[in-house]
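Report on the structure given below.
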Amino acid sequence: GVPIDRINCVRKHLSAIKGGWLAAAARGAVVTLAVSDVVGPIPDDPAVIGSGPTAPDPTRYADALQAVEEYGIRAAFPPAALRALEEGLQARRPETPKPGDKRLRGARTLVIGSRLDTLDAAARHAAGLGYDVVTLPAPVVGEARVAAVDHLKLAAAAAVRRPACILSAGETTVQVRGPGRGGRNQEYALAAADRLGGVSGVAGLISVGSDGIDGPTDAAGALVDTTTLARARARGLRDPAHYLDRNDSYTFFEQLGDLVRTGPTATNVGDLQVLLLP
Numbered sequence: 194g195v196p197i198d199r200i201n202c203v204r205k206h207l208s209a210i211k212g213g214w215l216a217a218a219a220r221g222a223v224v225t226l227a228v229s230d231v232v233g234p235i236p237d238d239p240a241v242i243g244s245g246p247t248a249p250d251p252t253r254y255a256d257a258l259q260a261v262e263e264y265g266i267r268a269a270f271p272p273a274a275l276r277a278l279e280e281g282l283q284a285r286r287p288e289t290p291k292p293g294d295k296r297l298r299g300a301r302t303l304v305i306g307s308r309l310d311t312l313d314a315a316a317r318h319a320a321g322l323g324y325d326v327v328t329l330p331a332p333v334v335g336e337a338r339v340a341a342v343d344h345l346k347l348a349a350a351a352a353v354r355r356p357a358c359i360l361s362a363g364e365t366t367v368q369v370r371g372p373g374r375g376g377r378n379q380e381y382a383l384a385a386a387d388r389l390g391g392v393s394g395v396a397g398l399i400s401v402g403s404d405g406i407d408g409p410t411d412a413a414g415a416l417v418d419t420t421t422l423a424r425a426r427a428r429g430l431r432d433p434a435h436y437l438d439r440n441d442s443y444t445f446f447e448q449l450g451d452l453v454r455t456g457p458t459a460t461n462v463g464d465l466q467v468l469l470l471p
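In the working numbering, the protein residues as written are 194 to 471.
And the structure:
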């Protein structure tokens, strides 16, 4: 998938409000209270959160077009949008407000919710339930199925008192190759299910999106445990690799009743993974 900062670069150069244009239009003091799901390259970067409507934009039209070319999405791009980017590159459209722009002198951003706040809250709750809590500080990024395997390896190597709870958060991506349904959290969980049996003493794992929406589905994510594969076989389901190849994690978990459905939460601080060791 395309990293969110590259997507936002394109969005900012196609919008009348993103990339600092909203603050420039306000022409005065602007205080933005932001809820962030941005994990990098700069965590909780105001220029990336929501495509930075009140923050100066360090990117340029050239960067937006480079993203379109680099990820091979030119053919799927609406012609009018592509034309707008090319006109901007030719200086026929104004660039977004840059750092130091006088129109944004009165703009200030306060991040009031983020990935770290999510981990904090989850850690307090798990500790209150009697778990020894380990929080992985680095954000979970990259291909979902790869990140899941890495998470299990860390769990296997962790020196913890049991029962233990290992927490991580971030936002993975999925390279869609198949015709199925799913989302990054469901794909993360399915990849973990395929490896869970090989990690001694792991009870289960859940991966969910804090916004309650995982991909183009009605689920926030999914959970797996040591019974997942046995229950799947009993229902006549194929092995997880088949569903991963088709990007069809939703079908797998729907058959087992292991989807997590919260409905939209109207907030988004990224994804949360919880791994339990009894």
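Think of the CB as a built atom: it goes at the ideal place given N, C-alpha and C, for glycine as much as any other residue.
Buried versus exposed call for residue i [16 or more other C-beta atoms within 10 Å across all chains shown]
i      : result
Gly371 : exposed
Lys205 : buried
Lys211 : buried
Gln283 : exposed
His435 : exposed
Arg377 : buried
Pro287 : exposed
Asp237 : buried
Val369 : exposed
Gly321 : exposed
His344 : buried
Val339 : exposed
Proximity below 8 Å, CB of residue i to CB of residue j
i      : j      : result
Pro332 : Asp294 : no
Ala386 : Thr410 : no
Val232 : Leu303 : no
Ile399 : Pro457 : no
Val417 : Ala382 : yes
Val157 : Ala260 : Residue coverage of the chain in this structure runs from 194 to 471, which leaves residue 157 outside it and unanswerable.
Ala425 : Leu452 : no
Ser536 : Leu465 : There is simply no residue 536 to check, as the chain begins at 194 and stops at 471 in what is shown.
Gly306 : Pro356 : no
Asn461 : Gly373 : no
Arg388 : Val342 : yes
Nearest to residue i (by Cα), restricted to the options the options
i      : options                           : result
Glu280 : Gly265, Val326 and Tyr254         : Tyr254
Glu336 : Glu380, His318, Arg317 and Ala350 : Glu380
Ala222 : Thr252, Ala348, Thr419 and Ala300 : Ala300
Arg220 : Pro290, Ser307 and Leu468         : Pro290
Thr247 : Ala423, Gly213, Val395 and Val203 : Gly213
Gly408 : Ala277, Cys202, Asp198 and Gly463 : Gly463
In chain order, which alpha helix (DSSP H) runs of at least 4 residues are fully inside the region 240-326?
You should have 254-263, 272-282 and 308-321.
Touching or not, the region 308-317 and the region 354-364, by the rule of three or more beta carbon pairs under 8 Å?
yes
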